[in-house]
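Student:
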Amino acid sequence: MRGSTVVGLFGVVLIVVGLVLAIVGARALAATQLAEGRVVSLRPVDELFAPDIAYVTQGGESRVFHAGIATQTPYAIGEEVPIVYDLADDAWAEIDTWGARWLLPLIFAGAGGQLVFSALIWLLVARRHERVMAAIVRDGARVEGTIVSVEQDRSDDELEHHPWVILCQFVLPGDRRLRLVKSQLFWYDPRPHLQGPTLPVCYDPRDPQRVVIDTRALPPDP
8 MRGSTVVGLF
18 GVVLIVVGLV
28 LAIVGARALA
38 ATQLAEGRVV
48 SLRPVDELFA
58 PDIAYVTQGG
68 ESRVFHAGIA
78 TQTPYAIGEE
88 VPIVYDLADD
98 AWAEIDTWGA
108 RWLLPLIFAG
118 AGGQLVFSAL
128 IWLLVARRHE
138 RVMAAIVRDG
148 ARVEGTIVSV
158 EQDRSDDELE
168 HHPWVILCQF
178 VLPGDRRLRL
188 VKSQLFWYDP
198 RPHLQGPTLP
208 VCYDPRDPQR
218 VVIDTRALPP
228 DP
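In my numbering, the protein residues as written are 8 to 229.
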């Protein structure tokens with residue numbers, strides 16, 4: 008649950024960043040003027056080419072914009088290219104493309120949307136699993152399971168605090184095989200709250216693989 012919440016929140020942050028970038032970009036473009044430029048020369052940059060584009064401002068001033076982005080497929084000399092320039096800053100201009108306007112905001116918003124969608128799917132699956140396990144605890148058959156160990160789950164090395172799990176072994180009626188089941192995660196050490204060496208283990212008689220330790224006697228996560 009905590010993992011899906013963190014992923015979802017991070018996705019929301021990315022969406023907000025994308026929206027902020029879109030708003031800032033739209034406001035910045037509101038202070039610009041569109042002009043039709045023409046490629047007058049190409050500058051080699053490593054194995055790429057960056058265009059120099061001449062254009063005329065609304066006030067009739069001739070300028071040349073030296074594009075900072077080089078491409079492998081060069082612009083053609085004489086090719087017409089839309090330019091946006093800053094009315095208040097003579098030194099600022101850009102090639103007016105859809106990508107320059109919206110690509111960065113869409114990358115952030117799109118990545119955030121994917122994370123939020125993944126978190127929702129993760130949450131729905133986890134909720135469904137919780138409902139199934141709760142139904143087994145409520146209506147399933149039960150046996151006493153012997154507590155084998157209580158340990159921290161260190162499978163995720165990136166976590167600052169590792170959760171705790173309880174391992175129980177048990178035997179089902181009519182089947183002498185010794186089975187092992189792991190509890191849900193605890194974000195506190197449950198050992199001081201255990202009342203004895205056993206805990207109830209609940210299972211679905213129709214599907215003995217669906218097993219859960221009944222830990223309702225333990226305090227909930229803080």
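Glycine included, every Cβ here is placed at the ideal spot set by N, Cα and C.
1) Tell me whether Ala173 sits in a helix, a strand or coil according to DSSP, three-state version.
2) What's the gap between the Cα of Trp109 and the Cα of Glu54?
3) Measuring CB to CB, does Pro197 end up less than 7 Å from Leu225?
4) Identify, in the order they occur along the chain, each residue of the same chain with its Cβ nearer than 7 Å to the Cβ of Phe17, setting aside the five sequence neighbours on each side.
5) So, Val157 versus Asp221, is the Cβ gap smaller than 7 Å?
6) Starting from the C-beta of Ser69, find all residues in its chain whose C-beta is less than 6 Å away, skip the five residues before and the five after it, and write them out in chain order.
7) For Gln40, list the residues DSSP reports as bridge partners.
8) Starting from Gln191, follow its DSSP beta bridges and name the residues at the other end.
9) Just to confirm my understanding: we take Leu28, look at its own chain, exclude 5 residues before and 5 after, and list those with CB closer than 6 Å. What are they?
10) Could you tell me which of Asp214, Arg186, Thr153 sits nearest to Gln202, measuring between CA atoms?
11) Measure the CB-CB distance between His168 and Asp160 and report whether it falls below 7 Å.
12) Span of the alpha helix (DSSP H) holding Ala142?
13) How many whole angstroms separate the CB atoms of Pro58 and Ala74, which I take to be in contact at a CB cut-off of 8 Å?
14) In whole angstroms, what separates the C-alpha of Pro212 from that of Gly147?
15) For Ser48, does the three-state DSSP call read helix, strand or coil?
16) Could you check where the beta strand (DSSP E) with Gln216 kicks off and where it finishes?
17) Based on the DSSP secondary-structure assignment, which residues constitute the bridge partners of Asp211?
18) Whether or not the stretch 36 to 53 and the stretch 19 to 26 are in contact is what I'm after, with contact meaning three or more pairs of Cβ atoms, one per stretch, closer than 8 Å; do they touch?
19) For the putative contact between Gln40 and Gln79, defined by C-beta atoms under 8 Å, what is the C-beta separation to the nearest angstrom?
20) Specify the secondary structure class of Ser11 as computed by DSSP and reduced to three states.
21) Exposed or buried, which one is Ile173 when buried takes at least 16 other CB atoms within 10 Å?
Tutor: On the basis of the coordinates in this document:
1) Within the sequence shown, numbered from 1, the residue matching residue 173 stands at position 166. Checking the displayed sequence, the identity of residue 173 turns out to be Ile instead of Ala. Strand, per DSSP.
2) Along the sequence shown, read from residue 1 onward, the residue named residue 109 stands at position 102. Along the sequence shown, read from residue 1 onward, the residue named residue 54 stands at position 47. Counting only the Cα atoms, Glu54 lies some 27 Å from Trp109.
3) The residue labelled residue 197 in the question sits at position 190 within the sequence shown. The residue labelled residue 225 in the question sits at position 218 within the sequence shown. Yes.
4) As a first step, residue 17 is located in the sequence shown; it is residue number 10 there, counting from the start. Excluding residues within five positions, the ones whose Cβ falls inside 7 Å are Leu122.
5) The sequence position of residue 157 within the sequence shown is 150, counting from 1. The sequence position of residue 221 within the sequence shown is 214, counting from 1. Their beta carbons are not under 7 Å apart, which means Val157 does not touch Asp221 by this criterion.
6) Your numbering for residue 69 matches position 62 in the sequence shown. Closer than 6 Å at Cβ, skipping near neighbours: Val63.
7) In the sequence shown, residue 40 corresponds to position 33, counting from 1. DSSP lists Tyr92 as partners of Gln40.
8) By one-based count along the sequence shown, residue 191 stands at place 184. DSSP links Gln191 through a beta bridge to no other residue.
9) Taking the sequence shown and counting its residues from 1, one reaches residue 28 at position 21. Contacts found: Leu111, Pro112.
10) The residue you call residue 202 lines up with position 195 of the sequence shown. Residue Thr153 is the option with its Cα nearest to Gln202.
11) Along the sequence shown, one-based indexing puts residue 168 at 161. Along the sequence shown, one-based indexing puts residue 160 at 153. No; because the gap between Cβ atoms is not below 7 Å, this pair is not in contact.
12) For the purposes of this step, residue 142 is identified with residue 135 of the sequence shown, where counting begins at 1. Ala142: member of the alpha helix (DSSP H) spanning 105 to 146, first to last residue.
13) By 1-based counting over the sequence shown, the position of residue 58 is 51. By 1-based counting over the sequence shown, the position of residue 74 is 67. With a contact defined as Cβ atoms closer than 8 Å, Pro58 and Ala74 qualify at about 5 Å.
14) Position 205 of the sequence shown, counted from the first residue, corresponds to residue 212. Position 140 of the sequence shown, counted from the first residue, corresponds to residue 147. Within the model, the alpha-carbon separation for Pro212 versus Gly147 is close to 7 Å.
15) Here residue 48 refers to the residue found at position 41 of the sequence shown. Looking at Ser48 - three-state DSSP - the assignment turns out to be strand.
16) Start at 1 with the first residue of the sequence shown, and residue 216 comes out as number 209. Counted as a single uninterrupted DSSP element, the beta strand (DSSP E) harbouring Gln216 occupies residues 214 to 220.
17) Sequence index remark: in the sequence shown, residue 211 carries index 204 (1-based). Bridge partners of Asp211: Asp214.
18) Cβ pair count under 8 Å is below three, so no.
19) For the purposes of this step, residue 40 is taken as the residue at position 33 of the sequence shown. For the purposes of this step, residue 79 is taken as the residue at position 72 of the sequence shown. Going by Cβ atoms, the distance from Gln40 to Gln79 rounds to 30 Å, so no, they are not a contact pair.
20) In the sequence shown, the residue the question calls residue 11 occupies position 4. Three-state result, Ser11: helix.
21) In the sequence shown, residue 173 corresponds to position 166, counting from 1. Buried: at least 16 other Cβ atoms inside 10 Å.
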